[in-house]
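Residue numbers (the numbering used here): 2 to 233.
Here's the structure, in structure tokens; my notes come after.
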């Protein structure tokens, strides 16, 4: 029986400030654990995107060949973006409550999805066929999402501690959603998260209810290891 593993990496603590690529990788990693077809579709999408871009750089490509790639690209881009939007919406609906529980604050916290293209394959096809670009400038490879704190983007107005708490809440929600689907079979791996946290914040993270069982934390800092490994 496959054991679902939810992996959190050191760079995840910098999601608010990191690149759109990093944020896409984070949500895709989670979605792929709940829907294995997601990773296969991502791999196929990236191959189609690469081939389309190669074709566009040629001076003598045929419209018929481009149409073949456009159809595949539009379908895959729409599927991937819609799935990302749904999962981000589910997380966003829980984010304020989870933040409140951790921070004891009524601050509104949300995720806002910024798609890299229209959400339907037909609309994407329309944009592609009307473009003369020599590179694919729209699509799921351009998707991004922002963390909203009150009415503004969190990275602009929230303190460092508030930003860290937002990530704690996000990790907790993702763990809960995974366990809703798979139950206690889910194993959470916190891979060297310690490198991004001081000792007190490290303990706060490990003490969250979501990480009280079936959680393994790797660390290069021996101090406090007895807090880091929970297999109950």
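By construction, the Cβ of each residue, glycine as well, lies at the ideal position given by its N, Cα and C atoms.
A Cβ-Cβ distance of about 6 Å is found for the pair residue 18 and residue 156, placing them in contact under the 8 Å criterion. Per DSSP, reduced to three states, the secondary structure at residue 136 is coil, with no helix or strand assignment. Counting the other CB atoms within 10 Å of its CB gives residue 65 a total below 16, which places it among the exposed residues. Residue burial annotation: residue 29 is buried, with at least 16 other C-beta atoms found within 10 angstroms of its C-beta. The beta carbon of residue 149 sits closer than 6 Å to the beta carbons of 111, 113 from its chain, once the five residues preceding and following it are set aside; these are given in chain order.
Annotation: residue 102 to residue 162 spans about 15 Å, alpha carbon to alpha carbon. Of the residues assessed, residue 168 falls on the buried side of the cut-off, its CB having 16 or more other CB atoms within 10 angstroms. In chain order, 56 place their CB closer than 7 Å to the CB of residue 62, counting only its own chain and leaving out the 5 sequence neighbours on each side. Sequence-distant partners of residue 179 (beyond 5 residues in either direction) whose C-beta falls short of 7 Å from its own C-beta, in its chain, are 5, 7, 34, 35, 187.
A straight-line Cα-Cα distance of about 30 Å links residue 74 and residue 9. Counting the other Cβ atoms within 10 Å of the Cβ of residue 98 gives fewer than 16, which makes it exposed.
Counting the other CB atoms within 10 Å of its CB gives residue 20 a total below 16, which places it among the exposed residues. Straight-line measurement puts the Cα of residue 68 at about 30 Å from the Cα of residue 24. Here residue 82 is near residue 144, since their CB atoms are less than 7 Å apart.
As summarised for the stretch 34-103, the continuous alpha helix (DSSP H) elements at least 4 residues long and confined to that stretch are 38-57, given in chain order.
Residue 6: member of the beta strand (DSSP E) spanning 6-9, first to last residue.
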